[in-house]
Structure formats: structure tokens, C-alpha cells
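To start, the structure itself, in C-alpha cells.
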Amino acid sequence: MTNGKKSFGEFLIETGVLTPDQLKKAAQELKQGGERLEQTLIRKGYLKEELAYQCLADYFNLPYVDLDTYLIDDPIVKIIPEELARRHVLIPLFKIGSILTVAMDNPLNLLALDEVRNKAKTDVEITISTEKKIKKAIDQYYSAGAMIFENTLRQVAMQNTVESSPEPSDYRKAYDLQVKEPLAGPVEAAPAARMFDIVMMQAIRDRASDIHFEPDEKYLRIRFRIDGFLFETLTLPKAAHPAITARTKILAEMDITETRLPQDGNFNIRMENRGFEIRVSTFPTIYGENVVLRILDQSSPLLTLEDLGFSEEMLAQFRQLIRKTTGILLVTGPTGSGKTTTLYASLNMINSVDKNIITIEDPVEYRLSLIRQTQVNPKAGITFATGLRSILRQDPDVIMVGEIRDLDTSQVAIQAALTGHLVLSTLHTNDATEAITRLLDIGVEPYLISSSVIGVLAQRLVRTICPHCKTLSPVDDETLKELGENIPKSKEPPAFYHGKGCRQCKQSGYLGRIGIYELLVLNEKIKRLISEKASAQVIREVARETTGLKSLREDGLTKVLKGVTTRDEVDRVAYEMSFQA
Numbered sequence: 005m006t007n008g009k010k011s012f013g014e015f016l017i018e019t020g021v022l023t024p025d026q027l028k029k030a031a032q033e034l035k036q037g038g039e040r041l042e043q044t045l046i047r048k049g050y051l052k053e054e055l056a057y058q059c060l061a062d063y064f065n066l067p068y069v070d071l072d073t074y075l076i077d078d079p080i081v082k083i084i085p086e087e088l089a090r091r092h093v094l095i096p097l098f099k100i101g102s103i104l105t106v107a108m109d110n111p112l113n114l115l116a117l118d119e120v121r122n123k124a125k126t127d128v129e130i131t132i133s134t135e136k137k138i139k140k141a142i143d144q145y146y147s148a149g150a151m152i153f154e155n156t157l158r159q160v161a162m163q164n165t166v167e168s169s170p171e172p173s174d175y176r177k178a179y180d181l182q183v184k185e186p187l188a189g190p191v192e193a194a195p196a197a198r199m200f201d202i203v204m205m206q207a208i209r210d211r212a213s214d215i216h217f218e219p220d221e222k223y224l225r226i227r228f229r230i231d232g233f234l235f236e237t238l239t240l241p242k243a244a245h246p247a248i249t250a251r252t253k254i255l256a257e258m259d260i261t262e263t264r265l266p267q268d269g270n271f272n273i274r275m276e277n278r279g280f281e282i283r284v285s286t287f288p289t290i291y292g293e294n295v296v297l298r299i300l301d302q303s304s305p306l307l308t309l310e311d312l313g314f315s316e317e318m319l320a321q322f323r324q325l326i327r328k329t330t331g332i333l334l335v336t337g338p339t340g341s342g343k344t345t346t347l348y349a350s351l352n353m354i355n356s357v358d359k360n361i362i363t364i365e366d367p368v369e370y371r372l373s374l375i376r377q378t379q380v381n382p383k384a385g386i387t388f389a390t391g392l393r394s395i396l397r398q399d400p401d402v403i404m405v406g407e408i409r410d411l412d413t414s415q416v417a418i419q420a421a422l423t424g425h426l427v428l429s430t431l432h433t434n435d436a437t438e439a440i441t442r443l444l445d446i447g448v449e450p451y452l453i454s455s456s457v458i459g460v461l462a463q464r465l466v467r468t469i470c471p472h473c474k475t476l477s478p479v480d481d482e483t484l485k486e487l488g489e490n491i492p493k494s495k496e497p498p499a500f501y502h503g504k505g506c507r508q509c510k511q512s513g514y515l516g517r518i519g520i521y522e523l524l525v526l527n528e529k530i531k532r533l534i535s536e537k538a539s540a541q542v543i544r545e546v547a548r549e550t551t552g553l554k555s556l557r558e559d560g561l562t563k564v565l566k567g568v569t570t571r572d573e574v575d576r577v578a579y580e581m582s583f584q585a
């Protein structure tokens with residue numbers, strides 16, 4: 005099993021990762037007992053932990069496994085009791101026939117191997133991993149690790165110091181502590197501050213976009229919105245609600261004494277060297293104030309157009325539109341469909357020192373370098389329309405308007421487009437052709453639409469299949485029939501996938517989201533139809549014939565065939581039942 009008669013230390017010197025002097029110093033400390041050689045070498049900084057255990061695996065001629073990238077099925081984990089796994093620092097990986105393979109940090113722990121054999125009633129084979137990664141995997145896969153968040157919150161919530169009517173001064177003190185080092189570790193402050201920090205940390209680690217604090221008759225329900233869906237995280241005693249609400253209001257500089265009216269606010273935090281803006285909304289209900297927090301990661305790199313899920317053909321078309329110097333480019337879809345992300349990615353593509361790009365948003369979600377950004381402020385008289393008029397006097401090349409909501413805004417946007425500016429904005433419509441109808445409905449003249457609008461992108465977000473539990477599904481004949489001639493050409497037969505559900509995706513089968521799109525490019529035929537007030541259906545027919553318009557549903561089902569998402573997801577967000585115009 006070992007590498008000849010050499011000791012592990014001699015093996016490390018021969019390998020070239022350790023010097024004789026380092027081994028001598030480590031050996032002197034080993035005589036004091038309590039550590040293995042690899043542990044001493046890691047502690048003294050002679051070897052990185054990963055390298056030390058990889059060398060240990062090589063010395064014993066055993067495989068090494070990186071548990072950060074290895075997925076373990078829940079039934080396998082249950083073969084070994086948690087207490088045994090923690091005591092001996094090991095975790096089961098897989099079972100083939102009558103042989104169970106476990107990851108250990110100490111292959112010479114014969115007592116542990118005997119206990120595993122007796123408990124599992126199987127033969128045992130060993131792989132090596134680092135002590136730190138095994139302990140992390142134990143926390144991840146065993147129930148105790150999954151319950152740490154909930155148990156900690158419950159303990160804090162039950163402390164007698166959680167008052168139903170907190171004094172503002174107490175919370176101001178806790179707030180000042182958090183400003184210096186928010187969410188950096190355990191906070192010896194008011195229990196409300198600790199509860200709030202624990203929830204924030206868990207939400208950020210779960211990739212949540214929103215946190216909901218929802219009071220009920222007897223409980224406080226906490227839910228996270230992840231990939232567009234709400235997940236109930238836990239419930240706390242109702243007594244925790246006033247304290248958490250007051251804590252949130254103090255951070256957001258809101259009036260903690262006002263509980264009858266809705267309020268809005270925001271604050272900033274840092275966690276693990278990442279900056280987040282938190283937007284707060286409170287709303288009075290019969291059981292107390294409902295509090296919703298929107299989490300905006302200011303440290304995440306801005307997505308590019310290539311990251312958004314466009315097909316190659318559509319990406320090329322959209323890039324051509326973005327590079328134009330005049331005209332209006334609209335992005336449409338419901339709230340939460342990723343319109344702002346698409347606009348930011350578009351601005352990022354054309355952003356340069358030789359362009360003056362100005363935006364007016366409601367509100368500004370991310371800060372962009374070189375771009376002048378402002379947000380609407382009705383109390384100060386700044387609306388989309390008034391702000392846009394002022395922007396035109398700032399010598400802009402490109403203008404982004406958060407949303408065209410009324411005739412006034414649309415008229416100023418059209419004026420800007422017709423006077424040599426590229427204008428990007430959004431509308432709320434079901435598909436690309438309905439954007440034209442929407443502009444007509446708010447009173448824009450057809451000839452102004454046809455002479456200013458250069459393209460309309462409709463979009464939705466669908467959840468992507470979790471890569472950790474992705475598995476083949478039966479062939480979906482209905483999808484193949486619906487796609488018909490639009491099935492991508494491939495030598496391989498079509499395959500369908502779904503996620504079985506695992507810890508990484510909270511048993512949902514999905515992890516992350518991607519866009520599905522429909523791009524209407526206005527050519528001369530379509531412009532003529534708009535001037536003639538043709539219906540959206542007629543415009544769609546001509547667009548399919550002359551520009552190759554693909555519907556949202558078609559783009560979605562193409563992603564189903566590529567194993568990116570599922571038919572259920574496409575059905576959820578794209579309603580039309582065929583591609584026939």
C-alpha cells in the first residue's frame with residue numbers, strides 16, 4: 005500500500021515539494037505528539053493543504069478526490085451515521101456492489117475502517133481528500149449542517165433580550181457596529197442584529213434576489229426568492245418580528261415609529277469582500293409590517309450579451325442594432341424578465357471613451373463606469389420625460405430610458421432618435437410585435453414609430469437544469485412535433501433532460517436562469533405596415549417571412565433540445581401553442 009520502504013517525509017523530499025531542513029523542523033514538533041506529519045507541514049506553511057493530501061494519496065497509491073466538485077447522492081450519505089463521520093473525518097462517496105468507497109484524511113485510521121465495515125455491512129475502499137473539505141462536505145450533506153442556519157436563528161429569536169418594542173437608541177448602537185464590519189462574523193450586539201445578519205448571510209449564499217419577512221397571526225415567516233421562485237426558509241416566533249423590522253428600518257434610515265404607511269429605503273453592506281445594495285420596502289398588513297429586501301450584488305461582473313443566452317444568429321442581429329447611431333431599440337417583457345440586465349449588457353458592449361452615454365432609470369440598479377446615470381425623482385420634478393429633455397442638452401450619443409410609460413416620454417424619445425441619437429428603453433408587452441400596438445395605444449403617430457423604431461426584443465427568463473442532478477428524460481414527441489422543421493440539424497438524435505433534485509438546487513431540479521428571446525427587426529415592409537396601422541398579427545406574419553422572426557416559445561423549445569431547460573419551464577413563460585403565424 006505504501007511507496008516502498010520510504011517514509012512519507014522521505015517521499016516528499018524525493019518528490020521535490022519539501023526540503024530536508026523543513027522535514028527536520030517538522031519532525032521535532034511531531035515528537036510532542038497530537039499531529040500527523042501532513043498536519044504539521046500544513047500548519048507551519050511548508051505545504052498547501054491540497055498538495056499535502058495529494059502527496060499522501062500518491063504515497064499510499066490511493067486516488068485523491070476533490071470534494072468541492074464531487075456530488076454525493078443522499079442515499080449513500082445515509083449509510084454512515086453522522087456521528088461516526090464527524091468523529092473519524094470521513095464521508096461515503098459511492099457504493100458498487102458490496103464495496104463502499106469513502107473519502108478519508110487518514111488512511112491509517114484502521115479503527116475507523118473497522119467501524120465503517122461493521123456499520124455498513126460492506127467491504128470498504130479508501131480515497132483521500134483534505135480534512136477541511138471532508139468536514140465541509142459533512143456539514144453540507146448531513147442534516148446537522150443543513151440545520152445550522154435554522155437552529156442559530158431560533159436560538160437568537162428565543163433570547164429574552166428580543167423585545168417587542170425596541171428602543172431606537174439600542175438599534176442605532178447595533179447599526180454603528182455593523183457599519184464598521186457588517187456581516188463579517190458573529191456579532192456581539194442586540195439579538196435583532198444577529199438575526200438580521202444571519203438571514204442576510206444565508207440569503208446571499210443561496211443566491212437569493214429577495215428576502216421576505218412575513219408576519220402571520222402567531223409566526224414570522226421568512227422566504228427567499230431564488231431564480232424567480234419563493235422558497236420558505238423557516239418560521240420564527242412572532243415576537244421576533246418587531247425587532248427585525250426595527251433593525252431593518254434603522255439600517256435603511258426609515259421612520260421606525262411609522263407602522264401605518266408603506267415606506268421605502270436602502271442601505272449598503274459588505275460580505276466576503278463583496279458589496280451589496282439592499283433596497284427595503286415595508287407594507288402594513290393586519291398582522292404587522294411586511295418587509296421585503298431586494299439584494300443587488302454591486303461586486304458581480306456585468307454580464308455580456310454572450311452570457312444572456314442568445315442564439316448565434318439572433319446575437320449577430322442584435323449587435324447590429326446596438327451599433328447603430330440613431331433610432332429606438334426597445335426591450336419588452338413583464339417585470340422580472342431581465343430587461344434591465346439586457347440593457348446594461350448592451351450599454352457595456354458599446355461603452356467607450358469616445359461616446360457620451362447617459363441614462364435615466366427608476367432606480368439605478370448598477371453603477372457603470374464612463375456612463376452618466378441618474379434616476380427619476382418625482383418629488384423634485386424629475387420624471388422620465390423631464391429627465392430625458394434635460395439629457396438632450398447634455399450632448400449625448402446614446403440614451404437609456406428606464407421605461408416608456410406615457411405619450412410624453414415616448415414623444416421625447418422619438419425626438420431624440422430622429423435628431424441623431426440611439427435610444428434604448430423598455431415596454432411591458434407580451435411579445436415583440438405587441439410593442440408597436442402599445443405605442444399606438446398611448447397615442448404615438450404611426451409614421452413616427454416607423455421612422456424611429458429600429459427593433460424590438462421580447463424576452464423571458466427560464467430556469468436552467470441543475471448540472472449537479474441533470475439526467476435524461478424520455479423523448480418528448482409533443483415538443484418534436486411542435487418544433488417541426490425548426491429542429492436544429494444534428495447527427496445525434498434529440499435528447500431531453502431534467503433535474504432530479506438535490507441539495508444544491510433545493511430539490512427543485514433547477515439552478516440559475518437564462519433568457520429566451522424574440523427579436524423583431526424593422527425592415528421597409530414592416531415599416532410600411534406600421535404606417536398603415538396593420539395589426540400585430542399581420543406584422544408578425546411578414547416578419548416571419550422576411551426577417552426569419554422566431555417566437556419566444558420557439559427559442560425556448562430550442563433550448564429544451566439543447567438540454568438547457570425543460571418543456572415545463574417554457575410552457576410556464578411562453579404561452580402560444582404553435583409557431584404558425
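Counting from 1 along the sequence shown, just add 4 to a position and that's the residue number in the numbering used here.
The beta-carbon is built from N, C-alpha and C at its ideal position, and this holds for glycine as well.
| query | result |
| --- | --- |
| L115 CB to nearest heavy atom of the ligand MN below 7 Å | Ligands in the displayed structure: none, and consequently the ligand MN is not present. |
| C-beta atoms of L426 and K328 nearer than 8 Å | yes |
| Separation of T239 from S414, as counted between CA atoms | 46 Å |
| Length of the line joining the Cα atoms of R246 and I215 | The sequence given here has Pro at residue 246, not Arg. Whole-angstrom Cα-Cα distance: 16 Å. |
| Complete runs of the beta strand (DSSP E) confined to the segment 234 to 312 [at least 3 residues] | 267 to 275, 278 to 289, 292 to 301 |
| Inter-stretch contact at 8 Å, needing at least 3 Cβ pairs: the segment 401 to 410 / the segment 360 to 379 | yes |
| CB-CB length for I326 against S350, believed under 8 Å | 5 Å |
| Buried versus exposed, by CB contacts within 10 Å (16 or more), A384 | exposed |
| Among R211, Y348, V296, nearest to I226 - alpha-carbon criterion | V296 |
| A578 - DSSP class collapsed to helix/strand/coil | coil |
| Short CB-CB distance (under 8 Å) between C470 and chain C | The structure shown contains no chain C; it holds only a single protein chain. |
| Contact belief for L524 with M318 at Cβ below 8 Å, rounded distance in angstroms | At roughly 11 Å, the Cβ-Cβ gap does not stay under 8 Å, so L524 and M318 are not in contact. |
| Cβ pair V284, D268 closer than 8 Å | yes |
| Presumed contact (8 Å Cβ cut-off) between L476 and Y501, rounded CB distance | 6 Å |
| Contacts around M353, its chain only, beta-carbon distance under 8 Å, and the 5 residues preceding and following it disregarded | T308, L309, R323, I326 |
| Alpha helix (DSSP H) runs wholly inside the segment 65 to 109, at least 4 long, in chain order | 78 to 81, 86 to 92 |
| Helix, strand or coil at Y370 according to DSSP, with G and I counted as helix | coil |
| Rounded distance between the beta-carbons of A61 and I142, thought under 8 Å | I142 to A61, Cβ: 19 Å. No contact. |
| Close-in-space but distant-in-sequence residues of the same chain around F98 (CB under 7 Å, 5 per side omitted) | I80, T105 |
| Unbroken stretches of the alpha helix (DSSP H), 4 residues or longer, contained in the segment 517 to 543 | 528 to 535 |
| Cross-strand partners of V448 (DSSP beta bridge) | According to DSSP, which records beta bridges pairwise, V448 is partnered with nothing at all. |
| Exposed unless 16 or more other CB atoms sit within 10 angstroms - verdict on K554 | buried |
| Proximity below 8 Å, CB of T252 to CB of F200 | yes |
| N-terminal and C-terminal residue of the beta strand (DSSP E) that L398 is part of | The sequence as given places Gln at residue 398; Leu does not occur at that position. Neither: Q398 is in no beta strand (DSSP E) and is coded neither H nor E. |
| Close Cβ partners of Y223 (< 8 Å) along its chain, the five nearest in sequence each way excluded | T239, L240, P241, K242 |
| Selected residue, minimal CA-CA separation from K485, among I395, P85, R571, G447 | R571 |
| Cβ-Cβ distance between L396 and I418 below 8 Å | no |
| Closest residue to K359 among R576, P367, Y370, R376 (Cα-Cα distance) | R376 |
| For Y514 and A529, the rounded distance between their alpha carbons | One detail in the question is off: residue 529 reads as Lys in this sequence, not Ala. One C-alpha to the other measures close to 42 Å. |
| The segment 68 to 80 contacting the segment 42 to 49, beta-carbon criterion three pairs below 8 Å | no |
| Spatially closest choice to I138 from A89, L117, G340, by CA coordinates | A89 |
| CB-CB length for Y57 against A30, believed under 8 Å | No, Y57 and A30 are not in contact; Cβ-Cβ is about 16 Å, not under 8 Å. |
| Residue environment, S341, which counts as buried when at least 16 other CB atoms sit within 10 Å | buried |
| Nonlocal neighbours in the same chain, by C-beta distance under 6 Å from E438, ignoring five residues either side | A540 |
| Given V448 as reference, the closest of H432, G503, S535 once Cα atoms are compared | S535 |
| For A56: DSSP bridge partner residues | Bridge partners of A56: none, in fact. |
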